[in-house]
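Encoded as structure tokens, the structure appears first; notes follow it.
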Amino acid sequence: MERRQFIRAASAMAGSLALAGCATSATKSTPLKNPQQSPLSVKVPPLPMIDARVDRIVAMNVCTRPFRTMGPRIEAEKMADKTVVHNYGHGGSGWSLSWGSAAAATDIALNTGAKQVAVIGCGAIGLTTAIEAQRRGLEVTIYAKERPPYVRSAYATGIWSPDSRIVSLQHAEPFAERWKTMAQVSYRRFQTLLGLDGAPVEWTQIYNLSDVPFGSSAHHEPAGEPDYPNFSRDLLPNLTPKPVTIPNKVNPFAAAYVKRHPLLMFNIGEYSELLLNRFHQNGGRIIDADFASASEFAALDERTIINCTGYGARALLNDDSITPVRGQTCKLIPQPEINYGIWFWDKQVSVYPRRDGLLVQAQADNDFGNPNAVVDPQESEAAVRRLADIVAQMKTV
Numbered sequence: 100m101e102r103r104q105f106i107r108a109a110s111a112m113a114g115s116l117a118l119a120g121c122a123t124s125a126t127k128s129t130p131l132k133n134p135q136q137s138p139l140s141v142k143v144p145p146l147p148m149i150d151a152r153v154d155r156i157v158a159m160n161v162c163t164r165p166f167r168t169m170g171p172r173i174e175a176e177k178m179a180d181k182t183v184v185h186n187y188g189h190g191g192s193g194w195s196l197s198w199g200s201a202a203a204a205t206d207i208a209l210n211t212g213a214k215q216v217a218v219i220g221c222g223a224i225g226l227t228t229a230i231e232a233q234r235r236g237l238e239v240t241i242y243a244k245e246r247p248p249y250v251r252s253a254y255a256t257g258i259w260s261p262d263s264r265i266v267s268l269q270h271a272e273p274f275a276e277r278w279k280t281m282a283q284v285s286y287r288r289f290q291t292l293l294g295l296d297g298a299p300v301e302w303t304q305i306y307n308l309s310d311v312p313f314g315s316s317a318h319h320e321p322a323g324e325p326d327y328p329n330f331s332r333d334l335l336p337n338l339t340p341k342p343v344t345i346p347n348k349v350n351p352f353a354a355a356y357v358k359r360h361p362l363l364m365f366n367i368g369e370y371s372e373l374l375l376n377r378f379h380q381n382g383g384r385i386i387d388a389d390f391a392s393a394s395e396f397a398a399l400d401e402r403t404i405i406n407c408t409g410y411g412a413r414a415l416l417n418d419d420s421i422t423p424v425r426g427q428t429c430k431l432i433p434q435p436e437i438n439y440g441i442w443f444w445d446k447q448v449s450v451y452p453r454r455d456g457l458l459v460q461a462q463a464d465n466d467f468g469n470p471n472a473v474v475d476p477q478e479s480e481a482a483v484r485r486l487a488d489i490v491a492q493m494k495t496v
């Protein structure tokens with residue numbers, strides 16, 4: 100979940116829930132009061148110390164998230180004798196909504212009567228769409244310039260965030276029902292991946308820290324971004340476990356306000372290998388291909404093509420509706436004992452306890468609309484130092 104929408108929703112999530120179902124307005128919902136949370140019922144287990152040091156950084160990456168104000172493009176387009184089903188533009192929700200989006204795109208592809216389909220792209224959306232199409236009986240070939248671990252989506256944080264920069268508030272209502280279906284389908288599919296060898300998907304706890312009350316005007320918000328809906332709260336409030344407020348007596352952090360969020364986390368390296376293996380086991384093949392324009396689709400044998408190129412669709416289709424959102428992360432040497440993460444948006448840093456390393460995300464005010472994919476080492480090093488300050492102030496309670 101992205102910083103701006105999370106800050107605005109945090110107080111409402113703790114104190115009230117919205118009625119399930121699609122509201123007539125994406126910005127309004129009928130609140131339901133939660134049973135009162137007793138401070139005595141909230142416990143915080145001892146939290147192992149994160150070793151946040153610059154000399155423990157083992158990798159730095161930049162991920163360009165493809166945001167569209169009207170939401171992802173999932174529709175068919177005729178190109179000469181081909182039918183191209185577009186499936187791109189998921190903002191910061193690609194991994195989270197991948198299975199539901201795959202199902203929607205496959206429904207459209209099946210309507211063409213095709214038996215063989217081409218999938219363009221081998222990232223989060225491409226792989227899941229290919230596997231979903233196979234599950235529906237189609238013969239699938241993936242055409243891609245890169246494959247995991249070198250695709251853009253391999254550099255994502257890997258946390259359940261199904262409404263992260265998925266659509267602007269202005270365009271939320273027409274997209275709401277489709278989002279709801281995609282989120283439900285995806286969440287159910289992720290439940291089937293829990294407990295597998297290598298933990299490709301698992302639950303974790305994220306502590307959200309703030310020095311001021313959640314939802315207050317004192318929170319820092321990045322400039323230049325549109326308002327976003329909080330679909331998770333307004334449409335599916337009961338889909339995932341609720342966050343809890345951490346009382347002062349058991350709060351191990353120096354921040355005055357803390358909430359704990361149970362969230363699904365994707366260990367992207369292991370998860371990508373699982374998806375690749377399933378695709379190949381189902382008879383799929385991957386062909387190296389680098390398309391300069393959509394006109395080159397004409398050379399493919401398949402008459403039905405599913406375009407899952409993510410941010411690449413901006414150049415491939417000259418689609419200026421895609422806004423780049425820069426995100427830089429770095430990995431620290433893994434600490435298997437760390438089973439929690441931290442969000443501290445006002446400090447512009449977060450950390451996720453991935454199996455392949457503690458993933459530290461740096462936020463910056465100029466991320467939105469920024470296509471720069473060049474790693475800035477100073478940005479990640481500064482984020483690790485900010486994390487070190489947070490950890491140094493933790494106390495035993």
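One gets my numbering by counting positions in the sequence shown from 1 and adding 99 to each.
Cβ atoms here follow ideal geometry from the backbone N, Cα and C, with glycine treated the same way.
Quantities reported herein were computed from a predicted structural model and do not represent experimental measurements.
- Message: For Tyr306, report the span of its alpha helix (DSSP H) as first-last.
- Response: Where Tyr306 is concerned, there is no enclosing alpha helix (DSSP H), although the beta strand (DSSP E) it sits in stretches over Val300 to Ser309.
- Message: Just to check my reading of the structure: Asn406 and Ile219 have Cβ atoms closer than 8 Å, yes? What is that Cβ distance to the nearest angstrom?
- Response: Taking a contact as a CB-CB distance under 8 Å, the pair Asn406 and Ile219 counts as one, their CB atoms being some 5 Å apart.
- Give me whichever residues DSSP pairs with His360 in a beta bridge. DSSP, once it has assigned bridges, lists Ile305 as partnering His360.
- Task: Could you check what DSSP says for Ala125 in three-state terms: helix, strand or coil?
- Result: The predicted model places Ala125 with a pLDDT of 31, which falls under 50 and marks its position as unreliable; any figure quoted below should be read in that light. In the structure shown, Ala125 adopts coil according to DSSP, grouped into three states.
- Taking the alpha-carbon positions, what's the Pro433 to Lys494 distance? Distance between the alpha carbons of Pro433 and Lys494: 22 Å.
- In angstroms with no decimal places, state the Cα-to-Cα distance between Ile489 and Phe352. Taking the straight line from one Cα to the other gives about 8 Å.
- Between the C-alpha atoms of Ser394 and Leu431, what's the straight-line distance to the nearest angstrom? Straight-line Cα distance between these residues: approximately 42 Å.
- Message: On the criterion of 16 or more Cβ atoms from any shown chain inside 10 Å, does Arg251 qualify as buried, or is it exposed?
- Response: Buried, since its Cβ has 16 or more Cβ neighbours within 10 Å.
- Query: Taking C-alpha atoms, which residue in Gly193, Arg235, Asp466 and Ile437 lies nearest to Gln447?
  - Reply: Looking at the Cα atoms, Asp466 is the closest of the given residues.
- Does the separation of the CB atoms of Leu373 and Pro299 fall below 8 Å? Contact flag set, yes.
- For His379, does the count of other Cβ atoms within 10 angstroms reach 16, so buried, or fall short, so exposed? Answer is exposed; the Cβ neighbour count stays below 16.
- Task: Let me know the secondary structure DSSP gives Pro476 once reduced to three states.
- Result: Pro476: helix per DSSP, three-state reduction.
- Message: Helix, strand or coil, according to DSSP, for Asp455 in the structure here?
- Response: For Asp455, the secondary structure class from DSSP, reduced to helix, strand or coil, is coil.
- Query: Taking C-beta to C-beta, are Pro247 and Leu362 nearer than 8 Å?
  - Reply: It is not a contact, given that the beta carbons lie outside the stated cut-off.
- Message: Using CA atoms only, rank isn't needed, just tell me which of Gly382, Arg155 and Tyr451 is closest to Asn307.
- Response: Asn307 has its Cα closest to that of Tyr451, out of Gly382, Arg155 and Tyr451.
- If you scan the segment 329-410 from start to end, which runs of the alpha helix (DSSP H) of 4 or more residues do you find wholly inside it? Qualifying alpha helix (DSSP H) stretches, in chain order: 330-333 and 367-380.
- Alpha carbon to alpha carbon, how far is Lys181 from Lys214? Give it in angstroms, no decimals. In this model, Lys214 and Lys181 are separated by some 14 Å (Cα to Cα).
- Starting from the N-terminal side, write out each stretch of the beta strand (DSSP E) that is 3 residues or longer and does not extend beyond the segment 207-282. Qualifying beta strand (DSSP E) stretches, in chain order: 215-219 and 238-243.
- Message: Here's the rule: buried if 16 or more other CB atoms are within 10 angstroms of the residue's CB, otherwise exposed. What is Glu401?
- Response: Buried.
- Task: Using beta-carbon positions only, say whether Ile305 and Gly440 come within less than 8 Å of one another.
- Result: Contact: yes.
- Given Arg453 as reference, the closest of Pro147, Phe365, Glu480 and Thr428 once Cα atoms are compared: Arg453 has its Cα closest to that of Phe365, out of Pro147, Phe365, Glu480 and Thr428.
- Contact under 8 Å by Cβ, Asp389 with Lys279: Cβ atoms of Asp389 and Lys279: not closer than 8 Å.
- Message: Could you give the first and the last residue of the continuous alpha helix (DSSP H) run that contains Ala414?
- Response: First-last of the alpha helix (DSSP H) with Ala414: Ala412 to Leu415.
- For Gly193, which option in Arg234, Ile230, Ala217 and Pro261 has the closest C-alpha, if you only look at C-alpha atoms? In terms of Cα proximity to Gly193, the closest of Arg234, Ile230, Ala217 and Pro261 is Pro261.
- Between Ala202 and the rest of its own chain, which residues show a CB-CB distance below 7 Å, the 5 nearest in sequence each way excluded? Counting only residues of its own chain and dropping the five nearest sequence neighbours on each side, Ala202 has a CB closer than 7 Å to the CB of Glu231 and Val284.
- Message: I need the boundaries of the beta strand (DSSP E) containing Gly190, first residue and last residue.
- Response: Per DSSP, Gly190 belongs to no beta strand (DSSP E) and is neither H nor E.
- Query: Quick one, which of Arg235, Val239 and Gly212 has its alpha-carbon nearest Gly225's?
  - Reply: For the residues Arg235, Val239 and Gly212, the minimum Cα distance to Gly225 belongs to Val239.
- Less than 8 Å separating the beta-carbons of Phe166 and Arg234? Their beta carbons are not under 8 Å apart, which means Phe166 does not touch Arg234 by this criterion.
- Task: Find the nearest neighbour of Thr291 within the set Asn471, Trp442 and Tyr370, judged by alpha-carbon distance.
- Result: Of the listed residues, the one whose Cα sits closest to Thr291 is Tyr370.
- Message: Report the start-end ranges of each beta strand (DSSP E) in the segment 145-174 that is 3 residues or longer and not cut off at the edges.
- Response: Unbroken beta strand (DSSP E) stretches of 3 residues or longer found wholly inside the segment 145-174: 156-167, given in chain order.
- Go to Gly426, then tell me how far its beta strand (DSSP E) extends in each direction, as first and last residue. Start and end: Ile421 to Leu431.
- Rounded to whole angstroms, how far is the Cβ of His425 from the Cβ of Asn469, which I believe are closer than 8 Å? Sequence check: residue 425 is Arg here, not His. For a cut-off of 8 Å, the C-beta gap from Arg425 to Asn469 is around 4 Å, short enough to register as a contact.
- Length of the line joining the Cα atoms of Thr163 and Gly314: Cα to Cα, the separation comes out at about 27 Å.
- Task: Give the DSSP-derived three-state secondary structure of Thr495 in the structure shown.
- Result: Of the three classes helix, strand and coil, the one that applies to Thr495 here is coil, per DSSP.
- Message: Could you check whether Ile173 and Asn186 sit closer than 8 Å to each other, using their CB atoms as the reference points?
- Response: Going by beta carbons, Asn186 and Ile173 fall inside the 8 Å limit.
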